[in-house]
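Working notes, beginning with the structure itself.
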Amino acid sequence: MTPQAKLIFTSSLILGTTITISSNHWITAWAGLEINTLAILPLIAKSHHPRAIEAATKYFLTQATASALLLFSAMMNAWYTGQWDITQLTHPTACLILTSALAMKLGLAPFHFWFPEVLQGSPLITALLLSTLMKFPPMTLLFMTSPSLNPTLLTYMAILSTALGGWMGLNQTQIRKILAFSSISHLGWMAIIVSYHPKLTLLNFYLYSLITATVFLTLNTIKTSKLSTLMTTWAKTPALSTMLLLTLLSLAGLPPFTGFLPKWLIIQELTKQSMAPAATMISLLSLLSLFFYLRLAYCATITLPPHTTNHMKQWHASKPTPSAIAILTTTSTMLLPISPLILTTV
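Here the sequence shown stands for residues 1 to 346, numbered as in the UniProt record's numbering.
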């Protein structure tokens, strides 16, 4: 792909995201989502591999269905109430259809089946965009319509997402699929709290995007997409492998890392809302995800490459760690001490 084409598609992605997050009218929000979808498709399919073409087709069909449902819910609400404003969504059937549309856009269970397949067929940088930037517009729509949505339905979908994200990621060997199920699991944490404290959902999303960006950029630097190749990275790049270990533990939500902050605040808020059983259940289900994060961390740092007679020793000149990854790793792991400052913005 030529640099000019990349520039056009990247600019279109930024434009589509900006239109959606800054709009008050349903039609402009829908138009921004469509621009986003059309801009990311060439980036998914740029390798011309059959798996990449399949991923782009699946992504297009899913996003087109979700966009049609979103437009249908907006038209139904406008038909009954005369309102095209995003925050004035009041008709119950329109709210239900919108919940389904946004769940399909985000990859929230039970509309999550497309996401691991699409991520597996995409290059690592495109997979990073799909996991973070492409989820920002639907997340803002979820934030804006959160007072109208059914909290019970969202709680059930959230618990189902965390359960499926944990269970289905356990037996994966492809790192992109593991990170896709990790994303589904994190979406559960965002969906469960959106009706009660929407700003916590956005904080969780920002921190998740930061940590996921660190993981994807590290994997892209060491050119790794499978667990079997991840096992040989310690001998080549010990500094990057250590960074990956810390970032994965942060993504798992272990204290004293940054990833613990949103989970701590969400459990606290759920307890305040007399939802202690839901908080207990989602916390226990996130232990499933912890297993595959630890598995990734183990493969990245503790195992050594095989030393059999037919193993060819690879010589690698040590390269300096990119400064962007160093900065992202620092923020991904060390923001917990300044959590009082972060809380003043929530």
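Ideal Cβ positions, reconstructed from N, Cα and C, are used throughout, including at glycine.
Nothing here was measured: the structure is a model prediction, and the numbers come from that model.
Query	Result
Could you pull the DSSP bridge partners for K226 from this structure?	Q174
Measuring straight from C-alpha to C-alpha, what distance separates residue 350 and M144?	Only positions 1 to 346 of the chain appear in this structure, which leaves residue 350 out of reach.
With a cut-off of 8 angstroms, do at least 3 Cβ pairs link the stretch 141-157 to the stretch 186-199?	yes
Use the C-beta contact count for residue 349: other C-beta atoms within 10 angstroms, 16 or more gives buried, fewer gives exposed.	Nothing in the structure corresponds to residue 349, since the chain is present only between 1 and 346.
Express the C-alpha separation of M243 and A326 in angstroms, rounding to a whole number.	8 angstroms
Once DSSP output is grouped into helix, strand and coil, what is the label at H186?	helix
Considering K272, what are the terminal residues of the alpha helix (DSSP H) in which it resides?	260-272
Flag this pair as yes or no: are the beta carbons of G169 and S22 separated by less than 8 angstroms?	no
Would F111 be called buried (16 or more neighbouring beta carbons within 10 Å of its own) or exposed?	buried
If you draw a straight line from the alpha carbon of T258 to that of S195, how long is it in whole angstroms?	24 angstroms
Assess contact between the stretch 41-53 and the stretch 111-127, defined as three or more Cβ pairs (one per stretch) separated by less than 8 angstroms. Is contact present?	yes
Please return the same chain residues whose Cβ sits closer than 8 angstroms to the Cβ of F60, not counting the five positions on each side in sequence.	T37, L41
The alpha helix (DSSP H) that contains W167, what's its start and end?	151-169
Give me the Cα-Cα distance between M334 and F72, rounded to the nearest whole angstrom.	44 angstroms
Following the continuous alpha helix (DSSP H) through residue 347, name the residue where it begins and the one where it ends.	Residue 347 cannot be examined here, being either before or after the span of the chain that is shown, 1 to 346.
Given the structure, does L142 come close to the ligand GDP, in the sense that its CB is under 7 angstroms from one of the ligand's heavy atoms?	Questions concerning the ligand GDP fall outside what the structure shown contains, since it holds no ligand whatsoever.
Less than 8 angstroms between the beta carbons of P322 and T221, yes or no?	yes
Look at S12 and A39 and say whether their C-beta atoms are less than 8 angstroms apart.	yes
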